[in-house]
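For the sequence shown, the tail end lands on 325 under my numbering, and the numbers increase by one without skipping.
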Amino acid sequence: MPLAWEPSCALEILPLRAEMLRKIRDFFAARKVLEVETPLLGQAIGSDPHLDFFTIPHTSFRKTALFLQTSPEFAMKRLLAAGSGSIFQICKAFREGEAGRLHNPEFTLLEWYRLDYDLPQLMAETADLLLFLLGEPLSLNAVQRFSYAQVFREYTGLEALCFDLSAYRRCAERHRLPEAAAICGADHALWLDFLFSHLVQPFLGSKAICLIHDYPACQAALARLKPGNPLLAERVEIFVDGLELGNGYHELTDVREQRQRFARDRAARVRLGLPEAAVDERFLAALEAGLPDCAGMAIGLDRVLMLLTGHDEIASILAFPVSRA
1 MPLAWEPSCA
11 LEILPLRAEM
21 LRKIRDFFAA
31 RKVLEVETPL
41 LGQAIGSDPH
51 LDFFTIPHTS
61 FRKTALFLQT
71 SPEFAMKRLL
81 AAGSGSIFQI
91 CKAFREGEAG
101 RLHNPEFTLL
111 EWYRLDYDLP
121 QLMAETADLL
131 LFLLGEPLSL
141 NAVQRFSYAQ
151 VFREYTGLEA
161 LCFDLSAYRR
171 CAERHRLPEA
181 AAICGADHAL
191 WLDFLFSHLV
201 QPFLGSKAIC
211 LIHDYPACQA
221 ALARLKPGNP
231 LLAERVEIFV
241 DGLELGNGYH
251 ELTDVREQRQ
261 RFARDRAARV
271 RLGLPEAAVD
281 ERFLAALEAG
291 LPDCAGMAIG
301 LDRVLMLLTG
311 HDEIASILAF
321 PVSRA
């Protein structure tokens, strides 16, 4: 039987992707945000225990492993610390173990950073961009903003900022999610991820751009904590018709706090039996030198194209998904 050599997507998708990329570049050019490129192959990698990465064994160039980047974030922040000003990038990113209806291990990412922006300004710009890309073709004109605690309480009846394990378990049982206890154990952040994805996310952004902000501090990732309320992180995620499109932060600039978070992530990876992540000391040196106050956003462009074309499987909008790569 001959191999399937043809593209997975219809040829009509190709010009639509090209037009989407052109419009993104026009959007940022009009705002004088500089397009940059950074390496996809790095000597270090992010330590987030929720992300698996591809490791390249040692080569003639280097006696230790290299890594395909899950995001250009660390390298872009090094440019910011060097004085680049506001920047954006459209690139490939790579995540091991992410393949399915909404995931491909290699995907197209838009990431940008704005100097002197706070979280509300980042949210406003993100909404402007998505209305520019999706508004007319999808008849979107509404932008919704809710705090994480607000929507979590509305759809689960639980308090996101106060972890009550027995109440979380009862909620999972009530919604016939028996696997939750085994998956989440006594980990607050895992319970939040699980319940949010099953009971909250499907209802977000119905014919609207929905921005969920002020995440619990246990899900801060690379966001700074909210001044005056250390239970909250200055983080936002974007949803349209229940589909997660992006994740953004008012960026953490404190190198000591960043080292502590890396240490916690690495300990979690050991506990979960995950591969060790090589700490990016160059990124930490950039923080030490001084990362300017900024906010940044990453958006999965393949999912944006899914919305634009009405497809519900990522393979339908990729020329060659991993199954045909």
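We put the CB at the ideal spot given by N, CA and C, even for glycine.
These figures come from a predicted structure and were not determined experimentally.
Next on the checklist: Alpha carbons only, please: which of Ser197, Gly296 and Pro105 is nearest the one belonging to Glu234?
Outcome noted: For the purposes of this step, residue 234 is taken as residue 234 along the sequence shown, with counting starting at 1. Taking only the C-alpha atoms, the option nearest Glu234 is Gly296.
Checklist entry - Taking the alpha-carbon positions, what's the Phe283 to Lys77 distance? => result For the purposes of this step, residue 283 is identified with residue 283 of the sequence shown, where counting begins at 1. For the purposes of this step, residue 77 is identified with residue 77 of the sequence shown, where counting begins at 1. Taking the straight line from one Cα to the other gives about 7 Å.
Checklist entry - Using the rule of at least 16 other Cβ atoms within 10 Å of the residue's Cβ for burial, across every protein chain shown, is Thr59 buried or exposed? => result As a position in the sequence shown, residue 59 is number 59, starting the count at 1. Looking at its Cβ environment, which holds fewer than 16 other Cβ atoms inside 10 Å, Thr59 is exposed.
Item to check | Beta-carbon proximity check, Leu222 vs Val151, cutoff 9 Å | outcome: On the sequence shown, position 222 is the one that residue 222 refers to. On the sequence shown, position 151 is the one that residue 151 refers to. No, they are not a contact pair.
Item to check | Val304, enclosing alpha helix (DSSP H) - first and last residue | outcome: In the sequence shown, the residue the question calls residue 304 occupies position 304. Taken as a continuous stretch (DSSP letters only), the alpha helix (DSSP H) holding Val304 covers Leu301 to Thr309.
Next on the checklist: Using only the alpha-carbon positions, how far apart do Phe67 and Ala277 sit?
Outcome noted: Looking up residue 67 in the sequence shown gives position 67. Looking up residue 277 in the sequence shown gives position 277. Roughly 9 Å separates the two Cα atoms.
Next on the checklist: Could you compute how far the alpha carbon of Phe88 sits from the alpha carbon of Leu109?
Outcome noted: By one-based count along the sequence shown, residue 88 stands at place 88. By one-based count along the sequence shown, residue 109 stands at place 109. Cα-Cα distance, rounded: 10 Å.
Next on the checklist: Considering just the uninterrupted stretch of the beta strand (DSSP E) at His213, what are its terminal residues?
Outcome noted: The count along the sequence shown starts at 1 and reaches residue 213 at position 213. Unbroken beta strand (DSSP E) run through His213: Ile209 to Pro216.
Next on the checklist: So Asp293 and Phe74 are supposed to be a Cβ contact under 8 Å. How far apart are they, rounded?
Outcome noted: Indexing the sequence shown from 1 puts residue 293 at position 293. Indexing the sequence shown from 1 puts residue 74 at position 74. Rounded, the Cβ-Cβ distance is 18 Å, inconsistent with contact.
Item to check | Own chain, CB closer than 6 Å to Thr253, minus 5 neighbours either side, in chain order | outcome: Residue numbering aside, residue 253 sits at position 253 when the sequence shown is read from its first letter. Cβ within range, chain order: Leu291.
Checklist entry - Unbroken beta strand (DSSP E) runs of length 3 or more, entirely within the stretch 99-182: which are they? => result 106-115 and 143-147
Item to check | Cβ-based neighbour list, Ala160, same chain, cut-off 8 Å, excluding 5 preceding and 5 following | outcome: Residue numbering aside, residue 160 sits at position 160 when the sequence shown is read from its first letter. Closer than 8 Å at the Cβ level, and outside the excluded window around Ala160, lie Tyr148, Ala149, Phe152, Arg153, Leu192 and Pro216.
Next on the checklist: Just to confirm, is the Cβ distance from Leu41 to Thr70 under 9 Å?
Outcome noted: Locating residue 41 in the sequence shown gives position 41, where the first residue counts as 1. Locating residue 70 in the sequence shown gives position 70, where the first residue counts as 1. No, the Cβ-Cβ distance between Leu41 and Thr70 is not below 9 Å.
Item to check | For Leu225 and Ile238, the rounded distance between their alpha carbons | outcome: Looking up residue 238 in the sequence shown gives position 238. Looking up residue 225 in the sequence shown gives position 225. Answer to the nearest angstrom: the Cα atoms are 19 Å apart.
Checklist entry - So what's Cys184 in DSSP terms, helix, strand or just coil? => result Residue mapping note: residue 184 aligns to position 184 of the sequence shown, counting from 1. DSSP places Cys184 in helix when its eight states are reduced to three.
Checklist entry - So which of Ser47, Pro230 and Phe163 has the shortest CA-CA distance to Ala327? => result The requested residue 327 does not occur in the structure, where the chain is confined to residues 1 to 325.
Checklist entry - From what residue to what residue does the beta strand (DSSP E) around Lys77 run? => result Reading the sequence shown from its first residue, position 77 is the one you call residue 77. Segment Glu73 to Ala82 is the alpha helix (DSSP H) holding Lys77; no beta strand (DSSP E) there.
Checklist entry - How long is the line joining the alpha carbons of Ala220 and Ala315, rounded to whole angstroms? => result For the purposes of this step, residue 220 is taken as residue 220 along the sequence shown, with counting starting at 1. For the purposes of this step, residue 315 is taken as residue 315 along the sequence shown, with counting starting at 1. If I take the Cα positions, the gap works out to 31 Å.
Checklist entry - Taking Cβ to Cβ, would you say Gly85 is nearer than 9 Å to Leu129? => result For the purposes of this step, residue 85 is taken as residue 85 along the sequence shown, with counting starting at 1. For the purposes of this step, residue 129 is taken as residue 129 along the sequence shown, with counting starting at 1. No, Cβ-Cβ distance for Gly85 and Leu129 is not below 9 Å.
Checklist entry - Per DSSP, what kind of secondary structure is Ile56 in: helix, strand or coil? => result The sequence position of residue 56 within the sequence shown is 56, counting from 1. Strand.
Checklist entry - Hey, is Asp302's beta-carbon within less than 9 Å of any beta-carbon in chain B? => result No chain B is part of this structure, which consists of one protein chain only.
Item to check | As assigned by DSSP and simplified to three states, the class of Val240 | outcome: Within the sequence shown, residue 240 is the residue found at index 240, counting from 1. Val240: strand per DSSP, three-state reduction.
Item to check | Beta-bridge pairing of Gly97 - partner residues as DSSP gives them | outcome: Here residue 97 refers to the residue found at position 97 when the sequence shown is read from its first residue. According to DSSP, Gly97 bridges with nothing at all.
Checklist entry - Given 8 Å as the limit, is there contact between the stretch 178-194 and the stretch 97-108, that is, 3 or more CB pairs closer than that? => result no
Checklist entry - Quick one: is Phe61 buried, meaning 16 or more other Cβ sit within 10 Å of its Cβ, or exposed? => result Along the sequence shown, read from residue 1 onward, the residue named residue 61 stands at position 61. Its Cβ having fewer than 16 others within 10 Å, Phe61 is exposed.
Checklist entry - Bridge partners of Leu34, per DSSP? => result By 1-based counting over the sequence shown, the position of residue 34 is 34. Note: Leu34 sits in a beta bridge opposite Ile87.
Next on the checklist: Taking the straight line between their C-alpha atoms, what separation do you get for Pro2 and Ser323?
Outcome noted: To locate residue 2, count along the sequence shown from 1; it is residue 2. To locate residue 323, count along the sequence shown from 1; it is residue 323. Computed Cα separation, rounded: 15 Å.
Next on the checklist: Rounding to the nearest angstrom, what Cα-Cα distance links His250 and Glu6 in this structure?
Outcome noted: As a first step, residue 250 is located in the sequence shown; it is residue number 250 there, counting from the start. As a first step, residue 6 is located in the sequence shown; it is residue number 6 there, counting from the start. Approximately 43 Å, taken between the alpha carbons.
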